[in-house]
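The block underneath contains the structure these notes are about, expressed in structure tokens.
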Amino acid sequence: MNPCLHCEARPQETLYRLCKRCASRRTIRKLYQYSKHWTPAWDRHLQDLVERAKRKLPLFPELPVFKDSKHPDDSATPFPVSEPR
Ligand SMILES: [Zn+2]
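Here the sequence shown is numbered in this note's numbering, starting from 14 and rising by one per residue.
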């Protein structure tokens, strides 16, 4: 049996794929309600991201990874500086 999508501690018991305890809370239920934009492909994409996060892998490996926290454009002077006359 699959674990609850929210707490992952108890089995899924409701239509929302939540345990009864999580489904009893409206704020949690709202997070997992199917919207009109929901598709199986989108759900699979979200589950893949959850699995990557659990394994501490980059969520979007196609994006560049910067070695330091500075933005690469920070090394450039933002505006031309003229010499004082
Ligand atoms: Zn739960």
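Heads up, the beta-carbon is just placed ideally off N, CA and C, and yes, glycines get one too. Quick caveat: nothing in here was measured; it's all calculated off a predicted structure.
Rounded to the nearest angstrom, the gap between the Cα atoms of threonine 27 and lysine 33 is 7 Å.
Beta-bridge partners of proline 74 (DSSP): none assigned.
In the structure shown, proline 53 adopts helical secondary structure according to DSSP, grouped into three states. In this structure alanine 22 is exposed. Its beta-carbon is surrounded by fewer than 16 other beta-carbon atoms within 10 angstroms. Counting C-beta atoms within 10 angstroms of its own C-beta, histidine 58 has fewer than 16 neighbours from the protein chains shown and is therefore classed as exposed.
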